[in-house]
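Visitor:
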Amino acid sequence: MRLPFGLLILAALSAASPLTVKRQDEAAEVAPAEAAPAEAAPPELAPAESAPPEAEAPAEGEAEPAPAEGEAEPAPAGEEAEKAPAGEEANPEPAPAEEEAEPPAEEEAEPPAEEEAEPPAEEEAEPPAEAETEAPAEEEGAEEEDEPDEPAPPSPIDVKLEMVNGSQAKATFTNKGPTSLKVLKTGSIFDEMAAEKVKIWSGETPVEFRGAVFQLSTENLTEEDFQRLEPNAPVSVTIDIAQLHDLSAGGKFGVMADGALSVAAEQGTELTGSVAFTSNRLEADVDGPAAAAALAKFSEQPERRTDLLDDCRGDRLQVASRVLPECAQLARAAARAARSGPAAKMTEYFTSSSRRPRRTVADVFDKVARECGSTRTGASTYHCRDPFRSCGPKVLAYTMPDRSTMVYCDLYHQSLREQNQRCHAQDKVGVNVHEITHLRQVKGTSDLGGGYGYAFVRSLRRQDNLRHADTYSLFAQSIQARC
51 MRLPFGLLIL
61 AALSAASPLT
71 VKRQDEAAEV
81 APAEAAPAEA
91 APPELAPAES
101 APPEAEAPAE
111 GEAEPAPAEG
121 EAEPAPAGEE
131 AEKAPAGEEA
141 NPEPAPAEEE
151 AEPPAEEEAE
161 PPAEEEAEPP
171 AEEEAEPPAE
181 AETEAPAEEE
191 GAEEEDEPDE
201 PAPPSPIDVK
211 LEMVNGSQAK
221 ATFTNKGPTS
231 LKVLKTGSIF
241 DEMAAEKVKI
251 WSGETPVEFR
261 GAVFQLSTEN
271 LTEEDFQRLE
281 PNAPVSVTID
291 IAQLHDLSAG
301 GKFGVMADGA
311 LSVAAEQGTE
321 LTGSVAFTSN
331 RLEADVDGPA
341 AAAALAKFSE
351 QPERRTDLLD
361 DCRGDRLQVA
371 SRVLPECAQL
381 ARAAARAARS
391 GPAAKMTEYF
401 TSSSRRPRRT
411 VADVFDKVAR
421 ECGSTRTGAS
431 TYHCRDPFRS
441 CGPKVLAYTM
451 PDRSTMVYCD
461 LYHQSLREQN
471 QRCHAQDKVG
481 VNVHEITHLR
491 QVKGTSDLGG
501 GYGYAFVRSL
511 RRQDNLRHAD
521 TYSLFAQSIQ
531 ARC
C-alpha cells in the first residue's frame, strides 16, 4: 500500500514513528515462529549424549540374547539410551522399546524415530495449521468442493429492465409479496451515488466497472436511508449505463441488474437481513461517441491526481500509522483461522468449511496482511481525505477498484474506534480490511448491491459470501472480538 508522499516524509522524521515500530513488531512476530523449532530440537539430542555409557555395555554383551524384549516395560530409561547409538548396533533393539505393541517389526524402529524427532520441531509454528486444514477439509468438504453454485433463493421482488433513451436504462421494482419491504436505499441501485447498479457484457466478456464501492456506517441510519416497496406498487429508477462503464466501442451490449438489498424491520433502522433481486437480461444498442462523452464527463475530477498524494497529516497520519499494523495483525490471525480454525466458524460466515473455501479465504487474508503491512510497496494508494468528493454523510470509506485507490472519509476518522470488542461492530481496522478486499489485486469483492452487516452475511449463498467484502471483515472482527 502506498501512502501519500507527505505521510512517508513525516514518518521518516520521527525515529519513534509507529510505522517504524510496525516493522519491528512484524519482525518480532515472525521471529518466534522460526525460533520455536530450534528450541524443540535439543531435548531430542540430549539423551543421545548422556546415554552411550549405559548403552554400550549391554549392547556388546547381550546383543545376541536381546533380553530387551522381556525388560522393555520396566526400563523406560533404556529406551532413550538404546535410541542414542541407533546408528551402529542398536537398530534391532529399539524396535521392541519403541513399539511395544509390535515388537517383531525391526524395520519400523527407525521410521518412528525419524517421524517423532524432526517433524514436530518443524511443524510447531505454521505447518500444524496446514495439517489441521487438510484433514477436516477432506472429511467435511470433499463432497462439497465440486457442488454447483447454490440456486438463488425465492424473492418477492420482480425487476424489469428496459432501455428508454440512448444509454439510459429503467429498472422497475415490484414487490410481489403480501407485506411491505423496507430496503436500504443509500449506496444501492436506488441511490444517486456512483455505485455499481448494473452488470454489462460485450459478448460474453464483462465490461469493467469504473465507479466506486462504498462502505456505509450502519450505526446511524435514519428513515431517509430506506426505500419502501409496498405490495404491487412499482418503483422505478433510471440508470445511465455509460457513466460508469466504458462503452465507447459502441454496438451491442448485454445489460442486467442483480444483487441483494439490505432489509430493516418496519419499526426501526437496524438491518435484519436481505432480499435478492434479478432482472431480465436485455441487449442495448449503444452509440459509441455519446457513451464516451458520458464516461468522460462523469469521470472528471476537481483536481489532478498528482495533487492528491499529500493529504495524510497530523492526527490522520497518526491514525493510519496505528491502524495499518493492526490491520496486518488481524488479517494474519484471520488467515490462520481460515486455514485451520473451527469448521463452525467458517460455516457461520462462508457457509462451508471445505478445503477450497478455506484456501480461498486464507489467500485473501494473506494478501490483506501484505497490503496493510507496508506503506512503501503494495497495490493501492491510500487517502486520508476525500479528493474525489464522494464521501456522503453516511459513507465511512470507498474504493475505486479500477484505480486501486482507497479513500477514508471524515466519518471514518470521527465516529469509529480503532478496534471494537463488540461482536459484529464496525471499527477502523475492520473498515480497512473491508476496503482492501475490494482491490482487484486482493479479491475484487463486491457489496452485492448494498449489503452490510451480520444479518446480511448470514442470508447469502456460499458463492456470494466468498465475493462479499463485509463477510471477510466481519469474519476477521469475530476473531479479534472472540465472538
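For the record, in the sequence shown the residue sitting at position 13 is 63 according to our numbering, with numbers rising by one throughout.
Note that the Cβ used here is the ideal one computed from N, Cα and C, for glycine as well.
The structure displayed is predicted, hence computed values, not measured ones.
Is it the case that the Cβ atoms of residue 463 and residue 366 are separated by a distance below 8 Å?
Guide: Locating residue 463 in the sequence shown gives position 413, where the first residue counts as 1. Locating residue 366 in the sequence shown gives position 316, where the first residue counts as 1. Yes. Within cutoff.
Visitor: Would you list the one or two residues that DSSP bridges to residue 327?
Guide: For the purposes of this step, residue 327 is identified with residue 277 of the sequence shown, where counting begins at 1. Its beta-bridge partners are 309.
Visitor: Taking all protein chains shown into account, decide if residue 299 is buried (16 or more other Cβ within 10 angstroms of its Cβ) or exposed.
Guide: Translated into the one-based positions of the sequence shown, residue 299 becomes position 249. Burial call: exposed.
Visitor: Going by DSSP, what residues sit across from residue 518 in a beta bridge?
Guide: Taking the sequence shown and counting its residues from 1, the one referred to as residue 518 is at position 468. Answer by DSSP bridge pairing, in chain order: 496.
Visitor: Going by CA-CA distance only, name the one from 457, 412, 370 and 219 that's closest to residue 262.
Guide: Here the question's residue 262 lines up with position 212 in the sequence shown. If we check each option's Cα against that of residue 262, 457 comes out closest.
Visitor: What did DSSP end up calling residue 532 once you bin it into helix, strand or coil?
Guide: Here residue 532 refers to the residue found at position 482 when the sequence shown is read from its first residue. Three-state DSSP puts residue 532 in coil, outside helix and strand.
Visitor: Quick check on residue 502: does DSSP put it in helix, strand or coil?
Guide: As a position in the sequence shown, residue 502 is number 452, starting the count at 1. Three-state result, residue 502: coil.
Visitor: Is it true that the CB of residue 487 sits closer than 8 Å to the CB of residue 418?
Guide: As a first step, residue 418 must be located in the sequence shown, where it is residue number 368. As a first step, residue 487 must be located in the sequence shown, where it is residue number 437. Yes, Cβ-Cβ distance for residue 418 and residue 487 is below 8 Å.
Visitor: Which stretch, first to last residue, makes up the beta strand (DSSP E) that contains residue 278?
Guide: As a working note, residue 278 is residue 228 in the sequence shown. Residues 276-279.
Visitor: Is DSSP giving residue 250 helix, strand or coil here?
Guide: The residue you call residue 250 lines up with position 200 of the sequence shown. In the structure shown, residue 250 sits in a strand (DSSP, three-state: E or B).
Visitor: Using only alpha-carbon positions, find the residue among 407, 368 and 416 that is nearest to residue 383.
Guide: Within the sequence shown, residue 383 is the residue found at index 333, counting from 1. Closest by alpha carbon: 416.
Visitor: Can you name the residues that DSSP bridges to residue 218?
Guide: Your numbering for residue 218 matches position 168 in the sequence shown. Answer is 215 and 290, bridged to residue 218.
Visitor: Buried or exposed: residue 335, going by 16 or more other Cβ atoms within 10 Å of its Cβ?
Guide: Residue mapping note: residue 335 aligns to position 285 of the sequence shown, counting from 1. Label assigned to residue 335: exposed.
Visitor: In whole angstroms, give me the CA-to-CA distance for residue 406 and residue 343.
Guide: For the purposes of this step, residue 406 is identified with residue 356 of the sequence shown, where counting begins at 1. For the purposes of this step, residue 343 is identified with residue 293 of the sequence shown, where counting begins at 1. Spanning the two alpha carbons is a distance of roughly 43 Å.
Visitor: Per DSSP, which one or two residues make a beta bridge with residue 304?
Guide: As a first step, residue 304 must be located in the sequence shown, where it is residue number 254. Partner(s): 251 and 333.
Visitor: For the alpha helix (DSSP H) containing residue 396, list its first residue and its last residue.
Guide: Counted from its first residue, the sequence shown places residue 396 at position 346. 393-400 is the span of the alpha helix (DSSP H), which, as asked, contains residue 396.
Visitor: Give me the residue from 491, 530 and 474 with the minimum Cα distance to residue 520.
Guide: Residue mapping note: residue 520 aligns to position 470 of the sequence shown, counting from 1. Considering only alpha carbons, the answer is 474.
Visitor: Alpha carbon to alpha carbon, how far is residue 282 from residue 358? Give it in angstroms, no decimals.
Guide: Taking the sequence shown and counting its residues from 1, one reaches residue 358 at position 308. Taking the sequence shown and counting its residues from 1, one reaches residue 282 at position 232. For residue 358, the predicted structure reports a pLDDT of 38, less than 50, and the residue's modelled location is therefore unreliable. A value from the coordinates is still provided. Using only the alpha carbons, I get a separation of about 48 Å.
Visitor: Inspect the CB distances between the segment 382-402 and the segment 443-455 and report whether three or more fall short of 8 Å.
Guide: Touching, no, given that fewer than three Cβ pairs across the two stretches are closer than 8 Å.
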